[in-house]
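So in the UniProt record's numbering, spot 93 of the sequence shown is number 93, and the numbers just go up one at a time.
A virtual CB, placed ideally from N, CA and C, is assigned to each residue, including glycine.
A short write-up of the structure that comes next.
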Amino acid sequence: MRIVFDENNIRPGLLGVVLLSHGTLAEGLMSAASIVFGDIENMAAFCLEPGDDLDAFRDAFARAVGAFATCVVLVDMKGGTPCNLLLRHARENHLKLNAVTGANLSMLLEILGMRDDADPEELCRAAVEAAQTGVVDLSAYLRK
1 MRIVFDENNI RPGLLGVVLL SHGTLAEGLM SAASIVFGDI ENMAAFCLEP
51 GDDLDAFRDA FARAVGAFAT CVVLVDMKGG TPCNLLLRHA RENHLKLNAV
101 TGANLSMLLE ILGMRDDADP EELCRAAVEA AQTGVVDLSA YLRK
């Protein structure tokens, strides 16, 4: 399990962003976003790797979710282990989480760019819209 979470880099009042993925996707998204935004406060990445203890993975991301007053969680794919663990955590702890699957860089950049001025529900909607408009078959452009 790879974890990128600095509990000392939390700014009170700023919405948190938690990334969950198979492999190192979450860490890669965080790294790519830092190219655009520089040092990013209130963000954490949790990468599930083969053979990881699932309870330890869940406990790790739950600590981050609990550290932020409010947060948005981006998960790599619906129905995958990180997603299922998040859903189980939310149900068992009666949490109202704001989460979106299909995590990609367009979604993350949209959330980071809007999080000072939008509530978590708006951020989730904007993330889904960014994903939908950001996925394009470029081969159509190349044929012109």
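Taking the alpha-carbon positions, what's the residue i to residue j distance?
i, j, result
"Leu74", "Pro12", "20 Å"
"Ala90", "Lys144", "48 Å"
"Asn98", "Cys71", "7 Å"
"Leu85", "Glu121", "21 Å"
"Ser21", "Tyr141", "31 Å"
"Leu108", "Ala127", "7 Å"
"Leu25", "Ser34", "14 Å"
"Glu41", "Asn93", "26 Å"
"Leu95", "Ser139", "43 Å"
"Ala69", "Leu15", "7 Å"
"Arg88", "Ala118", "27 Å"
Would you list the one or two residues that DSSP bridges to residue i?
i, result
"Arg2", "Cys47"
Starting from residue i, follow the alpha helix (DSSP H) in both directions and report where the run begins and ends.
i, result
"Leu142", "139 to 142"
If residue i and residue j are in contact, beta carbons under 8 Å, what's the gap, nearest whole angstrom?
i, j, result
"Phe57", "Val18", "Their Cβ separation, rounded to whole angstroms, is 12 Å, which puts Phe57 and Val18 out of contact at 8 Å."
"Ala103", "Glu7", "Contact flag wrong, Cβ pair sits at about 22 Å."
Going residue by residue through the UniProt domain "PTS EIIA type-4" (14 to 135), where are the continuous alpha helix (DSSP H) segments of at least 4 residues, counting only ones entirely within it? Qualifying alpha helix (DSSP H) stretches, in chain order: 25 to 37, 54 to 67, 81 to 92, 105 to 114, 120 to 134.
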